[in-house]
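Visitor:
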Amino acid sequence: LLSALLFNEVKYVETLADLQNIENVLKGKSNMVFAYVPATGTAEHRAVMEAAFAYGTVHQFVLTTEATLLKDSSNSDAPSAQLFFCHCQQATDLTQPCRRTAMGQALTLLNIHRHLKLMGAPLVTEVAEDPEKVSTVHLQLGLPLVFILSQKETYEADRRTAEFVAWQLLGKAGVALLSRDLVDLNVLLRSNVALKTPNEGVPIKYLALEDTDEVITLVEDKNKVEQIQEDEEEEEEEEDEKENNNQDIQDDQVVEAVSRDKKQELPLEQTRVLTEETFHSALLETARTVVLFYASWEAVSLAVLRSYTEVADHLKGTEGVLLSRVNCWDWPGLCTQENVTQFPAIKIYQKGEGSVLYGGMWGTAELTSFIMLSRVSCPLKLATIDEAEGYLRGEFPSELASFHHTSLLGVFSTATNEAREAFEEAGSILSGHVTMGMYLEDDALALSRKYAVSPPALLLARRGGQSVEGITLSKQSTQDMVQMIRYELLDIFPEINVQNLPHYLQLGKPFLILFSDGDIGQMESKEMLKLAKGTPQQAFVACWLNLRKTPVGRGILKAYFTTIPPLPVLIWVNLHAGGQVFKFPPEQPITETNLLSWLEKIEAGVEIPSSTLSEEEWKPPLPAYDFLQMMETAELPLHTSHHHGDTPRSPGEDPVTREELSQENKAEKVGSPGRDLRGTAPRLAAREKQGKRHSEL
1 LLSALLFNEV KYVETLADLQ NIENVLKGKS NMVFAYVPAT GTAEHRAVME
51 AAFAYGTVHQ FVLTTEATLL KDSSNSDAPS AQLFFCHCQQ ATDLTQPCRR
101 TAMGQALTLL NIHRHLKLMG APLVTEVAED PEKVSTVHLQ LGLPLVFILS
151 QKETYEADRR TAEFVAWQLL GKAGVALLSR DLVDLNVLLR SNVALKTPNE
201 GVPIKYLALE DTDEVITLVE DKNKVEQIQE DEEEEEEEED EKENNNQDIQ
251 DDQVVEAVSR DKKQELPLEQ TRVLTEETFH SALLETARTV VLFYASWEAV
301 SLAVLRSYTE VADHLKGTEG VLLSRVNCWD WPGLCTQENV TQFPAIKIYQ
351 KGEGSVLYGG MWGTAELTSF IMLSRVSCPL KLATIDEAEG YLRGEFPSEL
401 ASFHHTSLLG VFSTATNEAR EAFEEAGSIL SGHVTMGMYL EDDALALSRK
451 YAVSPPALLL ARRGGQSVEG ITLSKQSTQD MVQMIRYELL DIFPEINVQN
501 LPHYLQLGKP FLILFSDGDI GQMESKEMLK LAKGTPQQAF VACWLNLRKT
551 PVGRGILKAY FTTIPPLPVL IWVNLHAGGQ VFKFPPEQPI TETNLLSWLE
601 KIEAGVEIPS STLSEEEWKP PLPAYDFLQM METAELPLHT SHHHGDTPRS
651 PGEDPVTREE LSQENKAEKV GSPGRDLRGT APRLAAREKQ GKRHSEL
């Protein structure tokens, strides 16, 4: 009866050509359910027809009794009934067959219904909640759910990994993408996969896997979970033993980032490899030579090398700038000679002058800004009042416009030589970090009086500001000048982030900080700015932190209150004296008057602190090694620059191989987004041991 009823809905095929023709018609439109039954009138045939009756309006059903149409028909035994879900709706290439997912169970109506329900579920589910609370169709149907742990910086690569794994496990397990930035997971940073089973009461297992094959094996082999966990426990015990033996501790976050990308090719050809033989001649070729000193086996060096190659790509074609690198593992003598005792380090050498050591953040934008601003004389000497006024208006070369933030102009008369010399020395120290101009002409007095100051003075024009601030230079030593310039360049009411926090911490002042989930309101911003401007400079730092842009702020709030309070929340904390944390009453509006009254109560000791931070100092767990001292040039065997396979060379080999090996460094690899999940940490640790053995030899 069903066969007659569905005569036009269920296509019957006898040849492979008929099947391909139906696939081609369906591509880009709908999916196909292809079933093989040994004969009509059987229980399997009935199950297929009943499923077609229920799902025929959603999918195209195709039936055959010809075993030759099965791809695995090489088996000499007669194949049993089989069913495939053909993903034709997503197919775009007409020359390629539709991707197929076989049903692994017996051909019954219940199993077909279960298989089609799984095929209709999203390939990858994105979740932003506690994994314990997540429920998907896979768990409801008795299948496990695999979580790929992701973060904002690697989202695209992790998404590709999740999709690849999902296709391999389709019909066997579900795959979800879980963002660490949105969910506070109390698990090891190196954990990159989690497994949730449908069994109630069984905790989620968090694992650190090396590649996608292990993820697939994890689902298909139930004993694999216990084996991996045992291996991880042994690894943790080994790490604890290393710590007890006073050995070095890797920075797991950096190692994790490098490991994740260890197979991705870096365009190292855009940076020149320098050796002991080529170093000094290269410094004479261009006006400025930027040199990255690094160690090819060390995790932080490899992370910075990635940023450095991105900088090289941004600055490709820039005249007068050569980007180069020295592998201190190959050339420890050269690095010692250049006073490089820690890795990584970046120096800018100006032709005919000394070098400037970079001391900022290692991000691509910060490095690029430093290199570009270093091209401008600091201070830049201006000849006329028109040039000085233009400088204050931000009239800079177009290629530097995006790196220029605040115009700082020193105005000096002929009688202020001591202050002028200190200003010039401060400029050489701050070169690359700020832009400084200097006006030293007969009419300097007229220029300074326009802004109500007398020489020696600083004129400060902030980016986007309408006015110029005039500041009299009372302190004339170089160090005082540097400290004052750095302070004056700080914003009055800044948004705190990872990059600028160290600058404000160095002031040693209490923080009045407004935590918000997004941008703060105009009223709060206006009142906080009024308070900051009206407070003596020595009092405190008024600032705010956007948890969406700087999610580490959630961890700060948890350290203050255990649980995150309702946002926005205004906090007073003195990290440098006592560590007491005070919370502004949430029922009061944030106004200058209310804030002043509250701060007076804190100063008088009337307010009760919400919490008190631990007095324990945050120091490195162990002192850093001086690797160059360990690697004695005369006794150290030669090595390739390949961090993915350093090969010891005999001390008796021709020393010219050093340059050849350094040139080979162009083939270095650092990571594959999506497929390889871990892997360089053991090799990096082994490389470190190798260095120690060489020093002993």
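For the sequence shown, UniProt numbering puts the final residue at 697, and the numbers step up evenly by one.
Idealized CB from N, CA, C, for every residue including glycine.
Small disclaimer: the values here were computed from a predicted structure and weren't measured.
Quick check on this structure: which residue in Thr108, Ala102, Glu132 and Glu126 has the alpha carbon closest to the alpha carbon of methionine 119?
Guide: Looking up residue 119 in the sequence shown gives position 119. Nearest option by C-alpha distance: Ala102.
Visitor: Once DSSP output is grouped into helix, strand and coil, what is the label at histidine 87?
Guide: Along the sequence shown, one-based indexing puts residue 87 at 87. Reduced to three states, the DSSP call for histidine 87 is strand.
Visitor: Would valine 146 pass as a contact of leucine 169 if the rule is Cβ separation under 8 Å?
Guide: As a working note, residue 146 is residue 146 in the sequence shown. As a working note, residue 169 is residue 169 in the sequence shown. A contact, by the Cβ cut-off of 8 Å.
Visitor: Skipping 5 residues on each side, what residues in its chain have a beta carbon closer than 7 Å to that of lysine 666?
Guide: Within the sequence shown, residue 666 is the residue found at index 666, counting from 1. Reliability fails at lysine 666, whose pLDDT of 37 lies under 50, so the model's placement of it is uncertain and no value is given.
Visitor: List, from N- to C-terminal side, the alpha helix (DSSP H) runs of 4 residues or more that fit wholly inside the segment 519–605.
Guide: Those alpha helix (DSSP H) runs which fall completely within the segment 519–605 and span 4+ residues are 522–534, 552–561 and 592–604.
Visitor: Please state whether the Cβ-Cβ distance between alanine 121 and threonine 136 is less than 8 Å.
Guide: The sequence position of residue 121 within the sequence shown is 121, counting from 1. The sequence position of residue 136 within the sequence shown is 136, counting from 1. Cβ distance < 8 Å, so alanine 121 and threonine 136 count as in contact.
Visitor: What is the rounded straight-line gap between the Cα of valine 127 and the Cα of valine 193?
Guide: As a working note, residue 127 is residue 127 in the sequence shown. As a working note, residue 193 is residue 193 in the sequence shown. In a straight line, the C-alpha of valine 127 is about 14 Å away from that of valine 193.
Visitor: What runs of the beta strand (DSSP E), each 3 residues or longer, lie entirely inside the segment 416–493?
Guide: Runs found: 435–439, 457–462 and 469–472.
Visitor: State the DSSP-derived secondary structure class of glutamine 60, mapped to helix, strand or coil.
Guide: Counted from its first residue, the sequence shown places residue 60 at position 60. In this structure, glutamine 60 counts as strand in the three-state DSSP scheme.
Visitor: Check whether the segment 323–339 touches the segment 299–313, counting contact only when three or more Cβ pairs, one atom from each stretch, lie closer than 8 Å.
Guide: Counting Cβ pairs under 8 Å, three or more are found: they touch.
Visitor: Considering only their Cβ atoms, is the gap separating asparagine 546 from leucine 516 smaller than 8 Å?
Guide: Mapped onto the sequence shown, residue 516 falls at position 516. Mapped onto the sequence shown, residue 546 falls at position 546. Reading off the sequence, residue 516 comes out as serine, not leucine. Yes, these two residues count as a Cβ contact at 8 Å.
Visitor: Rounded to the nearest angstrom, how far is the Cβ of leucine 284 from that of lysine 351, given a contact under 8 Å?
Guide: For the purposes of this step, residue 284 is taken as residue 284 along the sequence shown, with counting starting at 1. For the purposes of this step, residue 351 is taken as residue 351 along the sequence shown, with counting starting at 1. So it is a contact: roughly 7 Å between Cβ atoms.
Visitor: Report the option in Asp442, Lys29, Ile385 and Ser474 whose CA atom is closest to the CA atom of alanine 422.
Guide: Taking the first residue of the sequence shown as position 1, residue 422 is located at position 422. Closest option to alanine 422, Cα to Cα, is Ser474.
Visitor: Rounded to whole angstroms, what is the Cα-Cα separation between asparagine 594 and glutamate 469?
Guide: If you number the sequence shown from 1, residue 594 lands on position 594. If you number the sequence shown from 1, residue 469 lands on position 469. When rounded, the distance between both Cα atoms is 29 Å.
Visitor: Determine the burial state of glutamate 635: buried for a count of at least 16 other Cβ atoms within 10 Å of its Cβ, exposed for fewer.
Guide: Stepping through the sequence shown from its first residue, residue 635 is reached at position 635. Note that glutamate 635 scores 43 on pLDDT, short of 50, meaning its location in the model is unreliable; the coordinates nonetheless yield the value given after this. Counting Cβ neighbours within 10 Å, glutamate 635 comes out exposed, since fewer than 16 surround it.
Visitor: Name the one or two DSSP bridge partners that arginine 288 has.
Guide: The sequence position of residue 288 within the sequence shown is 288, counting from 1. Paired residue(s): Val321 and Gln350.
Visitor: Would you tell me roughly how many angstroms separate the C-alpha atoms of glutamate 200 and threonine 591, rounded to the nearest one?
Guide: In the sequence shown, the residue the question calls residue 200 occupies position 200. In the sequence shown, the residue the question calls residue 591 occupies position 591. Using only the alpha carbons, I get a separation of about 52 Å.
Visitor: Any idea what DSSP makes of arginine 100, helix, strand or coil?
Guide: Reading the sequence shown from its first residue, position 100 is the one you call residue 100. Looking at arginine 100 - three-state DSSP - the assignment turns out to be strand.
Visitor: Starting from glycine 174, trace the beta strand (DSSP E) both ways and give me its first and last residue.
Guide: By one-based count along the sequence shown, residue 174 stands at place 174. Start and end: 174–179.
Visitor: DSSP state of leucine 380, grouped into three classes?
Guide: One-based indexing of the sequence shown puts residue 380 at position 380. The answer is strand: DSSP assigns leucine 380 an E or B state.
Visitor: Would you mind reading off the limits of the beta strand (DSSP E) that contains leucine 514?
Guide: Numbered from 1 along the sequence shown, position 514 holds the residue referred to as residue 514. Note, leucine 514: beta strand (DSSP E), 511–516.
Visitor: May I have a chain-ordered list of the beta strand (DSSP E) segments no shorter than 3 residues that lie completely inside the segment 152–226?
Guide: Within the segment 152–226, the complete beta strand (DSSP E) runs of at least 3 residues are 174–179, 193–196 and 205–207.
Visitor: Inspect the CB distances between the segment 379–389 and the segment 357–370 and report whether three or more fall short of 8 Å.
Guide: Judged by Cβ distances under 8 Å, the segment 379–389 makes no contact with the segment 357–370, as fewer than three pairs qualify.
Visitor: In whole angstroms, give me the CA-to-CA distance for leucine 83 and histidine 113.
Guide: In the sequence shown, the residue the question calls residue 83 occupies position 83. In the sequence shown, the residue the question calls residue 113 occupies position 113. Using only the alpha carbons, I get a separation of about 12 Å.
Visitor: Glutamate 441: buried (16+ other C-beta within 10 angstroms of its C-beta) or exposed?
Guide: Walking along the sequence shown from the start, residue 441 turns up at place 441. Glutamate 441 should be labelled buried.
Visitor: Is it buried or exposed for serine 467, if we count other Cβ within 10 angstroms and need 16 for buried?
Guide: The residue labelled residue 467 in the question sits at position 467 within the sequence shown. Burial call: exposed.
Visitor: Under the assumption that valine 290 contacts isoleucine 348 (Cβ atoms under 8 Å), give the Cβ distance between them as a whole number of angstroms.
Guide: Within the sequence shown, the letter at position 290 stands for residue 290. Within the sequence shown, the letter at position 348 stands for residue 348. Valine 290 to isoleucine 348, Cβ: 5 Å. Contact.
Visitor: Which term fits alanine 4, buried or exposed, when burial requires 16 or more other beta carbons within 10 angstroms of its beta carbon?
Guide: Taking the sequence shown and counting its residues from 1, the one referred to as residue 4 is at position 4. Exposed, since its Cβ has fewer than 16 Cβ neighbours within 10 Å.
Visitor: Which residues bound the alpha helix (DSSP H) around glutamate 310?
Guide: Numbered from its first residue, the sequence shown carries residue 310 at position 310. Here the alpha helix (DSSP H) through glutamate 310 covers 299–314.
Visitor: Put arginine 272 into one of helix, strand or coil per three-state DSSP.
Guide: Residue 272 sits at position 272 when you count from the first residue of the sequence shown. Strand.
Visitor: Taking lysine 29 and isoleucine 22 to be in contact with their CB atoms under 8 Å, please state how far apart those CB atoms are, rounded to whole angstroms.
Guide: As a position in the sequence shown, residue 29 is number 29, starting the count at 1. As a position in the sequence shown, residue 22 is number 22, starting the count at 1. Not really, about 11 Å apart at Cβ, beyond 8 Å.
Visitor: When you compare the segment 172–188 with the segment 148–156, are there three or more beta-carbon pairs, one atom per stretch, that lie closer than 8 Å?
Guide: Judged by Cβ distances under 8 Å, the segment 172–188 makes contact with the segment 148–156, as three or more pairs qualify.
Visitor: Give the DSSP bridge partners of leucine 266, in chain order.
Guide: As a working mapping, residue 266 is identified with position 266 in the sequence shown. Beta-bridge pairing links leucine 266 to no other residue.
Visitor: Using CA coordinates, which residue listed in Gln476, Leu531 and Gly363 is at the minimum distance from phenylalanine 412?
Guide: If you number the sequence shown from 1, residue 412 lands on position 412. Looking at the Cα atoms, Gln476 is the closest of the given residues.
Visitor: Report yes if the CB atom of alanine 106 is closer than 8 Å to the CB atom of tyrosine 36, and no otherwise.
Guide: Here the question's residue 106 lines up with position 106 in the sequence shown. Here the question's residue 36 lines up with position 36 in the sequence shown. Cβ distance not < 8 Å, so alanine 106 and tyrosine 36 don't count as in contact.
Visitor: Mapping the DSSP letters down to three states, classify lysine 11 as helix, strand or coil.
Guide: In the sequence shown, the residue the question calls residue 11 occupies position 11. Strand, per DSSP.
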